[in-house]
Structure formats: structure tokens, C-alpha cells
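Report on the structure given below.
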Amino acid sequence: MSPYVASTFAVLGMSENLEIELRTAGESIGVSVLCPGPVKTRMTESERNRLSGIVSTLADPVRRSAVDRLADTTAASGLEPCHVAEMVVDAIRTSRFFILPHPDMALKGVERHIAWMPDGTAPGAREAGT
């Protein structure tokens with residue numbers, strides 16, 4: 041999961057900074073960033089994007105259980121990809137920066153960081169979809 045999480049943080053940071061730079065330069069192009077949460081894709085079933093030489097984490101029963109919980113959460117509350125696509129198009133047309141198909145889940149993530157930061161607490165494990 042670390043490469044996936046790192047890439048999502050990188051995309052968010054890059055998008056925030058790019059938006060500021062474009063606006064400061066007076067450019068008329070905007071930036072939107074999708075924080076999708078559960079979407080009914082087959083991401084949890086796919087190993088095709090794994091870097092060569094990286095051992096599959098799905099062989100570990102604890103990690104397999106976490107992936108299974110994520111798949112269950114996606115099945116229960118995931119949105120159809122076409123619905124998320126409509127949200128993306130609308131956000132681009134209306135110049136909205138954040139696209140949050142599951143705003144409550146996104147805000148829980150921000151609240152977790154706010155709770156950890158003041159006293160330097162290490163991040164804790166979390167349930168899928170939170």
C-alpha cells in the first residue's frame with residue numbers, strides 16, 4: 041500500500057501547488073483533484089501495476105484481510121465509475137478544486153491528521169473506507 045499512498049499524497053501536493061502557481065501567474069486554466077474513496081473498480085483484484093521484484097502483499101494473511109475489507113467496503117458503498125466521471129466533468133466545468141465523491145470519508149482523513157499532529161502521535165491503522 042505504501043507506493044499507492046505515497047503517490048496519492050504526491051498528486052495532492054503537486055495539484056495544490058500547481059493551482060496556486062497558475063492562479064498567481066494569471067493563467068485561465070484550473071486544476072481539479074479527485075479524492076475518490078470507494079469506487080466500484082477491480083483495483084483490489086489487480087496486481088498488474090505492481091513493480092517487478094516487489095513481492096505480492098496479498099500472500100500475507102493480514103494484508104489479504106485488509107484488501108478483502110477494502111473490497112467489501114467498495115461493494116457496500118462504492119460509487120459506479122460513470123457517476124464519479126460525471127462529478128469530475130462537473131468540477132472541471134465549474135472550476136472546483138476538490139472532487140470528493142465521499143466527502144465524509146475525505147474529511148475523516150483530514151481529521152485523523154489533525155488529531156495526530158499536535159503531540160506527534162504516530163499514525164494508527166484504520167479500517168478500510170475511513
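For this note's numbering, count along the sequence shown from 1 and bump the result up by 40. Beta carbons are placed, not taken as given, at the ideal position from N, Cα and C, and that holds for glycine. None of the values given here were measured: they were computed from a predicted structure.
Val150 places its beta carbon 9 angstroms or farther from that of Ile139. Under the 10 Å beta carbon count, Thr48 is surrounded by fewer than 16 other beta carbons and is classified as exposed. Bridge partners of Val73 according to DSSP: Phe138.
When C-beta atoms of the region 118-125 are compared with those of the region 65-84, three or more pairs fall below 8 angstroms, so the two segments count as touching.
Taking the CA atoms as reference points, Met145 sits about 33 angstroms from Gly66. When only Cα atoms are considered, Val51 and Ala115 end up about 26 angstroms apart. DSSP lists no bridge partner for Leu110.
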